[in-house]
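The block underneath contains the structure these notes are about, expressed in structure tokens.
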Amino acid sequence: MDKADATENHTASLARANPTPIRTTDDLSPEAKAVADTLSFLGPEQINQTILEKLTAVNDDDRLPGLPRESLALSTATKELETHAVIQSDDQAIRIHRSVQDTRQLDMDRDRRNQALRCAVALLMKHFEPYLWRGRSHGTERWVECNPLMHHLEHIVEVYHRYSAGHSWTPNLMLARLLYRCSWIQFEQMNIRPILPFLQLAETICQATTCEESRKILRDIQHTYGAIGTWTNDATMALNNTSLVLRSWQLEAEETGVYDRNIAAGYCQYATALMMCGRHTKAEAKLRDALNILSKLEDKELASSHKLMLGYNLWLQSRLDEAEDILKDGLVIREAKFGPGDNYSYKSGAYRAALGNIALSRNDFKAAQEYHEYALNQYENTHGREHPGTADMCHVMARYKLRGGRLDEALSLLDRALEIWSRDDQFHVPERARSMFTKAKALRRLENRAEEAQALSKHAATLWESFTGEPHVENRVLSDEDFDKIVMFWSR
749 MDKADATENH
759 TASLARANPT
769 PIRTTDDLSP
779 EAKAVADTLS
789 FLGPEQINQT
799 ILEKLTAVND
809 DDRLPGLPRE
819 SLALSTATKE
829 LETHAVIQSD
839 DQAIRIHRSV
849 QDTRQLDMDR
859 DRRNQALRCA
869 VALLMKHFEP
879 YLWRGRSHGT
889 ERWVECNPLM
899 HHLEHIVEVY
909 HRYSAGHSWT
919 PNLMLARLLY
929 RCSWIQFEQM
939 NIRPILPFLQ
949 LAETICQATT
959 CEESRKILRD
969 IQHTYGAIGT
979 WTNDATMALN
989 NTSLVLRSWQ
999 LEAEETGVYD
1009 RNIAAGYCQY
1019 ATALMMCGRH
1029 TKAEAKLRDA
1039 LNILSKLEDK
1049 ELASSHKLML
1059 GYNLWLQSRL
1069 DEAEDILKDG
1079 LVIREAKFGP
1089 GDNYSYKSGA
1099 YRAALGNIAL
1109 SRNDFKAAQE
1119 YHEYALNQYE
1129 NTHGREHPGT
1139 ADMCHVMARY
1149 KLRGGRLDEA
1159 LSLLDRALEI
1169 WSRDDQFHVP
1179 ERARSMFTKA
1189 KALRRLENRA
1199 EEAQALSKHA
1209 ATLWESFTGE
1219 PHVENRVLSD
1229 EDFDKIVMFW
1239 SR
């Protein structure tokens, strides 16, 4: 099918889908065509009017020829598009049919398609940059503002791949940066599977050019892969990527003489991966290197995340008094900035989860339960009710309910944890297995549930064997400790 046939088919398809007849987009003015071509790269169902308004502010280097520079001219162009049934709009948003988008993209030659993509990416950056620039803060307040970006980038990635076979895209580092930043915010919410194509495309773009900016974006992508490995309990993925990131920051520090929060974060992330592998002594050294760097900076709260990891590290080494001291110190510093029980991010809850683990190691069940119950509530208010971190605390709290004989409450919490972890069977296999095992223990204590408990226990054992690589043993006898060993240390 040649371009003319494809255009005719797309136009006919749109005419069938819309009651308003559409005229050929060839009739459009240069200004209306420029707007339509830019919009052809955005998610069609919902383009917020506040995004459209940013078209006049796109920098000259990124502008598509003909794009209106003034609000009045933009209004005239959009009214022309409505008249031609290219878009529909209301006070909140505009919609453009996918067939129109496809038609416009088919009508563009290679250079204009690259320009239109660049203009669309610059438009998205203009709108979302105030929320994206805050880096890897885990600040939850920006999630609502940034989540709509996902819809637009999914469409851009789809179009990018559609034309990759017969069309050579100009490397667009702004797109790579936007894909990475959106991926990080989605990672914070544990929306992992949808962002893997984003990271892969960003990586491909960066590898097509050799410059300082592409190297920095690649490092950020590796940092994200390392964080994904950490949160999904993939020690190999975590260690491979965090070691690359740390080495990059070390080389840059040696060259510039600047030792700042970035290299400290590199030490901390690498140390976390080492702890996943049981290399606690080396991890402790890296965490203390990070804290030594951060001690020289003015913002003392920057050290709080690193003190959290050091507290976990010392707990894993059974140095409970030292762990408690470092955790309480870090929590005081954090809450001095964000207030008690802050809702800025999950980290106040993480501190209390760690302190609860220390209390459990001392068999102080009352204090441990108070810490962990606080952590669950704080996670729900920051991570949200459907985040794997919240599922961790649901499992932990279920154990207290089970110990106290409150079986219905224990089962409710375990079912909630299993529902969260089962949403994507690619990840969280150890956590699912552990909650299944604990649920089976609860079911055995109820009448007429023994058969269900046996089946669930077998399933948990199968998952345990698949994760550990242990050979299958019929009616294998496992314990809570066996499952605790295979989950992430902060999930125990």
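Every position in the sequence shown, counted from 1, becomes a number in my numbering once 748 is added. All C-beta atoms, glycine included, are put in the ideal place defined by N, C-alpha and C.
Taking the beta carbon of residue i as the centre, do at least 16 other beta carbons fall within 10 Å, making it buried, or is it exposed?
{"i": "E1046", "result": "exposed"}
{"i": "P1219", "result": "exposed"}
{"i": "T990", "result": "buried"}
{"i": "P769", "result": "The predicted model places P769 with a pLDDT of 42, which falls under 50 and marks its position as unreliable; any figure quoted below should be read in that light. Classification of P769: exposed, given that the 10 Å Cβ count is below 16."}
{"i": "E1179", "result": "buried"}
{"i": "E1222", "result": "exposed"}
{"i": "N1105", "result": "buried"}
{"i": "V1080", "result": "exposed"}
{"i": "L1103", "result": "buried"}
{"i": "E889", "result": "exposed"}
{"i": "S1205", "result": "buried"}
{"i": "V1225", "result": "exposed"}
{"i": "T1216", "result": "exposed"}
{"i": "D1156", "result": "exposed"}
Give the secondary structure of residue i by DSSP, where H, G and I count as helix, E and B as strand, and everything else as coil.
{"i": "Q1065", "result": "coil"}
{"i": "I1234", "result": "coil"}
{"i": "I835", "result": "strand"}
{"i": "A913", "result": "coil"}
{"i": "N1277", "result": "Outside the modelled stretch of the chain, which goes from 749 to 1240, sits residue 1277, for which no answer is possible."}
{"i": "I795", "result": "strand"}
{"i": "T984", "result": "helix"}
{"i": "E1046", "result": "coil"}
{"i": "K751", "result": "For K751, the pLDDT reaches just 43, beneath the cut-off of 50, and the residue's location in the model is therefore unreliable, leaving the point undetermined."}
{"i": "V892", "result": "helix"}
{"i": "M898", "result": "helix"}
{"i": "G1087", "result": "coil"}
{"i": "R771", "result": "Reliability fails at R771, whose pLDDT of 46 lies under 50, so the model's placement of it is uncertain and the value that follows must be treated cautiously. Here R771 sits in coil by DSSP."}
{"i": "Q1174", "result": "coil"}
{"i": "V1080", "result": "helix"}
{"i": "R1197", "result": "coil"}
{"i": "H1131", "result": "coil"}
{"i": "S1093", "result": "coil"}
{"i": "E1218", "result": "coil"}
{"i": "I940", "result": "coil"}
{"i": "L815", "result": "coil"}
{"i": "M856", "result": "coil"}
{"i": "N1111", "result": "coil"}
By the DSSP assignment, the alpha helix (DSSP H) with residue i in it spans what residues?
{"i": "S819", "result": "819-831"}
{"i": "V1225", "result": "It is not in any alpha helix (DSSP H) - V1225 carries neither H nor E in the DSSP assignment."}
{"i": "D785", "result": "778-787"}
{"i": "P1024", "result": "The residue asked about is misnamed: residue 1024 is Met in this sequence, not Pro. Segment 1009-1024, the alpha helix (DSSP H) holding M1024."}
{"i": "Y928", "result": "921-936"}
{"i": "C954", "result": "944-955"}
{"i": "H971", "result": "960-979"}
{"i": "V1144", "result": "1136-1151"}
Hey, would you say residue i sits closer than 9 Å to residue j, going by beta carbons?
{"i": "A1107", "j": "H1143", "result": "no"}
{"i": "A864", "j": "T786", "result": "yes"}
{"i": "A1123", "j": "A1101", "result": "yes"}
{"i": "K1189", "j": "L1150", "result": "yes"}
{"i": "N1061", "j": "L1035", "result": "yes"}
{"i": "F789", "j": "V907", "result": "yes"}
{"i": "A1146", "j": "M1184", "result": "no"}
{"i": "G791", "j": "H909", "result": "no"}
{"i": "E1137", "j": "A1198", "result": "A small correction: the amino acid at residue 1137 is Gly; Glu does not occupy that position in the sequence shown. For G1137 and A1198, no; Cβs fall outside 9 Å."}
{"i": "W997", "j": "F935", "result": "no"}
{"i": "Q1126", "j": "Y1094", "result": "yes"}
{"i": "I976", "j": "L921", "result": "no"}
{"i": "D1228", "j": "T1186", "result": "yes"}
{"i": "S931", "j": "T958", "result": "no"}
{"i": "V1312", "j": "L854", "result": "Within the shown structure, residues of the chain are numbered from 749 to 1240, placing residue 1312 beyond reach of any answer."}
{"i": "L803", "j": "L815", "result": "yes"}
{"i": "L987", "j": "A1012", "result": "no"}
Taking only beta-carbon positions, decide if residue i is within less than 9 Å of chain C.
{"i": "L1064", "result": "Annotation note: the requested chain C is absent from the structure, which comprises a single protein chain."}
How is the beta strand (DSSP E) around residue i delimited, first residue to last?
{"i": "I844", "result": "841-844"}
**Asked** Quick one: any contact between the region 869-877 and the region 829-836, if contact means 3 or more CB pairs under 8 Å?
**Response** no
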